[in-house]
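The structure appears below as structure tokens.
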Ligand code: F6P
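Numbering (this note's numbering), first residue to last: 131 to 451.
Here you go:
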């Protein structure tokens with residue numbers, strides 16, 4: 131039986147996942163492996179939904195959003211019984227290693243499967259940038275660029291009407307998209323789950339101060355992890371008398387053609403994952419640290435505390451006046 135690797139995408143999709151799949155398939159074939167694509171995340175290993183991938187089966191996907199392998203959050207896969215089944219299925223195909231592209235939930239699945247004898251290497255793929263061990267997760271840059279494009283449009287109409295716009299961006303528990311997007315659009319206030327906020331101090335006072343210097347339209351960015359953008363919008367209108375509208379950007383941030391940064395990062399991470407598996411090393415997470423590609427033990431990675439970039443937040447507040 132030929133030595134084989136497999137690749138799957140799991141959890142929420144992110145632009146650049148296809149670039150990572152392409153890198154794994156091509157680097158795997160280059161290293162002498164037969165490479166299987168597993169469809170719909172871990173469910174594909176339970177439903178035997180896999181396909182052998184050739185060099186050309188990943189042509190023309192580098193620029194495409196979404197994931198050609200489809201994705202899912204598998205409820206079954208948290209149970210040992212199903213993890214064993216998946217490992218047996220991998221052995222039946224001669225799969226000696228698996229690359230998992232996804233968020234921290236997907237990393238737990240990769241650790242479980244490694245414990246069942248199939249070495250797995252995880253690649254951080256999520257727009258949220260919420261994984262502690264890495265400076266960067268695939269999809270983050272594209273999601274922010276999409277958000278900036280949308281908010282620039284919202285600004286045009288806010289400006290024409292002298293309005294305030296409250297814009298909610300994605301980030302389940304993490305304010306990174308809100309923070310960098312907020313800086314890029316010159317938001318008056320940025321509300322993130324990592325920084326305790328007070329609407330009077332952090333929004334209303336700032337709007338009044340800016341109004342006093344002649345500003346007439348305002349953008350307030352709210353991270354999904356804080357939520358309540360509609361209520362915040364009503365509060366601003368009630369307290370300031372400025373007409374205010376709320377927009378939730380939602381899943382538009384998860385789609386679209388990946389940026390250069392996401393394509394290059396996904397390619398580097400995909401190749402690094404195959405390099406580890408080719409040496410028989412599993413239970414690792416690929417990460418980007420200070421401009422270099424590194425890797426960590428999955429448990430060590432999952433236990434790391436996430437650091438919010440408070441310095442960047444302070445810079446934003448200093449400049450948006
Ligand atoms: O983790 C990425 C993410 O887009 C979060 O920002 C968001 O909270 C969540 O996924 C939405 O998930 P779903 O697509 O299942 O609604």
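Using N, Cα and C, we set each Cβ at its ideal position, and we do this for glycine too.
In this text, all values refer to a predicted model and were calculated from it rather than measured experimentally.
8 Å CB neighbourhood of residue 235 in its chain, flanking five on each side removed: Same-chain partners within the cutoff: 140, 141, 203.
CA-to-CA distance, residue 155 to residue 114, given in whole angstroms: Absent from the model: residue 114. The displayed extent of the chain is 131 to 451, so no value can be given.
Cβ pair residue 180, residue 174 closer than 8 Å: yes
Own chain, CB closer than 7 Å to residue 318, minus 5 neighbours either side, in chain order: 336, 337, 340, 348, 349, 350, 450
Cα-Cα separation between residue 239 and residue 208, rounded to whole angstroms: 7 Å
Every unbroken beta strand (DSSP E) within the region 132 to 165, with a cutoff of 3 residues, ordered by chain: 134 to 139
Run of the beta strand (DSSP E) containing residue 181, from where it starts to where it stops: 180 to 183
beta-carbon residue 280 near the ligand F6P non-hydrogen atom, thresh 7 Å: no
Proximity below 8 Å, CB of residue 305 to CB of residue 355: Contact: yes.
Near the ligand F6P: residue 452 beta-carbon under 7 Å from a heavy atom: This structure cannot settle anything about residue 452, because the visible part of the chain is limited to 131 through 451.
Candidates 434, 442, 447: closest to residue 261 by CA position: For residue 261, the nearest C-alpha among the options comes from 434.
Contact test: residue 238 Cβ vs the ligand F6P heavy atom, cutoff 7 Å: no
Whole-number beta carbon distance between residue 296 and residue 374, since they are thought to touch under 8 Å: 6 Å
Identity of the residue in 299, 408, 290 nearest residue 376 by Cα: 299
Counted within 10 angstroms of its Cβ, other Cβ atoms place residue 400 as buried (16 or more) or exposed: Buried is the call here.
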